[in-house]
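Here's the structure we're looking at; comments come further down.
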Amino acid sequence: MSKRDSKPYQATRDIDQDAWFLYHTTSIPYYEICAQLCADFADLYNGFITGHGLHGAARLDYWVSRYLSHAENIRRGIKLIQHGGDYMPMIGFLNSPATDYRGIVEQPLGWMTEEQRRRWDESFDRMSHACSTGATTLRNNEWAGSYWRERDLHKHDYELVNRDDSHKGDFGDDIQNAASLGLIAPPKEYPRHSINHDVSVKPGEPCPQTGVWIPSQWLRGADDFSLAFCVQGQPMQPAFRLRWGKPFDMLANFDLPDDGDDTGFISFLETTALDSDWYLVEKPSSCQIP
Numbered sequence: 227m228s229k230r231d232s233k234p235y236q237a238t239r240d241i242d243q244d245a246w247f248l249y250h251t252t253s254i255p256y257y258e259i260c261a262q263l264c265a266d267f268a269d270l271y272n273g274f275i276t277g278h279g280l281h282g283a284a285r286l287d288y289w290v291s292r293y294l295s296h297a298e299n300i301r302r303g304i305k306l307i308q309h310g311g312d313y314m315p316m317i318g319f320l321n322s323p324a325t326d327y328r329g330i331v332e333q334p335l336g337w338m339t340e341e342q343r344r345r346w347d348e349s350f351d352r353m354s355h356a357c358s359t360g361a362t363t364l365r366n367n368e369w370a371g372s373y374w375r376e377r378d379l380h381k382h383d384y385e386l387v388n389r390d391d392s393h394k395g396d397f398g399d400d401i402q403n404a405a406s407l408g409l410i411a412p413p414k415e416y417p418r419h420s421i422n423h424d425v426s427v428k429p430g431e432p433c434p435q436t437g438v439w440i441p442s443q444w445l446r447g448a449d450d451f452s453l454a455f456c457v458q459g460q461p462m463q464p465a466f467r468l469r470w471g472k473p474f475d476m477l478a479n480f481d482l483p484d485d486g487d488d489t490g491f492i493s494f495l496e497t498t499a500l501d502s503d504w505y506l507v508e509k510p511s512s513c514q515i516p
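Everything in the sequence shown is counted per the numbering used here, starting at 227 for the first residue and increasing by one.
The following block contains the structure:
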C-alpha cells in the first residue's frame, strides 16, 4: 500500500474517557456554561460599544441582542430537557451561536483597541467552541437514524447515510482542546462506566433510553468505531466505521517538484454506516459533573 493511500483508523480506545465526555457535554451544568458564555460575550461587546459611543452604528447593537437571545434560548432548552427530556431543540440553540461568526465579523471591528480585540476574540472563541461541541454531541440524533432507515431511498446519494456528523474516534483531543479553553475539567481518573447488555437497539429503531451507547463491533474488539449519545424516541443511528481517507495534496495547484515529500498532504476521517446492535453505557452514580 502506498503511503498516500487511505489507511485504517487505529487508536487506543478508552470507553470510560469517551463516555464521560459525551455525558459531560450533554449535562445541564455544561449547557448552563454555554448560556453564560453567550451572555458574557454580549455584555463584553456591549461594554466596548458603549465605551466608544457607537450605539446605533452599523448593526453592532443587533449582534449584542442576538447573543443575549442565544443565551435565553439555551436556557429555554435546559427547561425542555429538565421537564420533558427533549434534547432536540438544544441542537439548534447551540448551533446558532457557534455558526454566527461569518455574520458578526462582517461588522466593522477596527474601532476596538488591540487589547479589546484580544478579549473579544478570546470570549468569542470560548463561547463558540463550547456551543459547537455541545451541538456536535447531539447532531446525529437529527438525521442519522432516519437516513439509515430510509437508506434504500438514498442509493444515488449514499454519502448521506455514511455521514457521521458527531464526534469521531478517540475523544482525547476533544477533551484536551476544551480543557485548554477552561470549558471542562477532566478528572485524573475517569469513572468506570458499565455496559447494560439487557438494553439494546438496532439502527433505525426508536432509541429506548437517552444516554451513551456502544456498538457491538467495539465490544468484539474493533477500534475503528465511536460511542454515541442518543436521545430516547429518535431513530437509532448506524454504527460508523472510521478510516483515514486518501491524503489530499494542498499544494497541488502550485508548480512544485514532486520530490516524494508528504509535506502538504492532509487526510480526513471517512465513515461508513454499518448495521449493529447498540448497548447502553450507563452513567456511574458516582460521576458528578462539576
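All residues carry an ideal CB built from backbone N, CA and C; glycine is no exception.
Using DSSP bridges, identify the partner residues of residue i.
{"i": "P417", "result": "Bridge partners of P417: none, in fact."}
{"i": "S426", "result": "Y505"}
{"i": "R528", "result": "Because the chain in this structure spans residues 227 to 516, residue 528 falls outside the shown range and cannot be described."}
{"i": "V438", "result": "F455, V507"}
{"i": "P323", "result": "According to DSSP, which records beta bridges pairwise, P323 is partnered with nothing at all."}
{"i": "P432", "result": "P461"}
I'd like to check one pair, residue j with residue i: are the Cβ atoms closer than 8 Å?
{"i": "E258", "j": "I317", "result": "no"}
{"i": "Y293", "j": "F267", "result": "yes"}
{"i": "L407", "j": "H355", "result": "yes"}
{"i": "Q243", "j": "F350", "result": "no"}
{"i": "M314", "j": "V438", "result": "no"}
{"i": "Q435", "j": "G371", "result": "no"}
{"i": "P334", "j": "P417", "result": "no"}
{"i": "I180", "j": "I254", "result": "Only positions 227 to 516 of the chain appear in this structure, which leaves residue 180 out of reach."}
Please return the same chain residues whose Cβ sits closer than 7 Å to the Cβ of residue i, not counting the five positions on each side in sequence.
{"i": "R365", "result": "I317, D391, S392"}
{"i": "C260", "result": "I300, L320, A356, C357, G360"}
{"i": "N272", "result": "V290"}
{"i": "H281", "result": "I275, D287"}
For residue i, which residues from the same chain have a beta carbon less than 8 Å from its beta carbon, with the 5 sequence-adjacent residues on both sides left out?
{"i": "S228", "result": "Confidence at S228 is low in this model, with a pLDDT of 44, below 50, so its placement is unreliable and no value can be given for it."}
{"i": "F466", "result": "N388, D390, K394, F451, S452, T497, T498, A499, L500"}
{"i": "Q168", "result": "Residue 168 is absent from the structure shown; the chain starts at 227 and stops at 516."}
{"i": "S426", "result": "D503, W504, Y505, L506"}
{"i": "G471", "result": "S232, S493, F494, L495, E496"}
{"i": "D400", "result": "F247, T359, H393"}
{"i": "C264", "result": "Y293, L294, H296, A297, I300, P323, M353, C357"}
{"i": "P413", "result": "W246"}
{"i": "R344", "result": "none"}
{"i": "Y327", "result": "F350, S354"}
{"i": "G459", "result": "P432, C433"}
Quick one: what's got a C-beta closer than 6 Å to residue i's C-beta in the same chain, skipping five residues either side?
{"i": "H278", "result": "W337"}
{"i": "T252", "result": "T363, F455"}
{"i": "Q342", "result": "F274"}
{"i": "S442", "result": "S502, D503"}
{"i": "E348", "result": "none"}
{"i": "D312", "result": "L306"}
{"i": "P199", "result": "Only positions 227 to 516 of the chain appear in the structure, and residue 199 is not among them; the question remains open."}
{"i": "W444", "result": "F451"}
{"i": "G303", "result": "P315, M316, F319"}
{"i": "R446", "result": "none"}
My assumption, with CB atoms under 8 Å, is that residue i sits in contact with residue j. Please give the rounded CB distance.
{"i": "H419", "j": "A245", "result": "4 Å"}
{"i": "A237", "j": "D449", "result": "6 Å"}
task: Could you say if the segment 366-380 and the segment 423-432 meet the contact criterion of at least three C-beta pairs nearer than 8 Å?
output: yes
- prompt: If you pair each beta-carbon of the segment 268-275 with each one of the segment 299-308, do three or more pairs fall below 8 Å?
  reply: no
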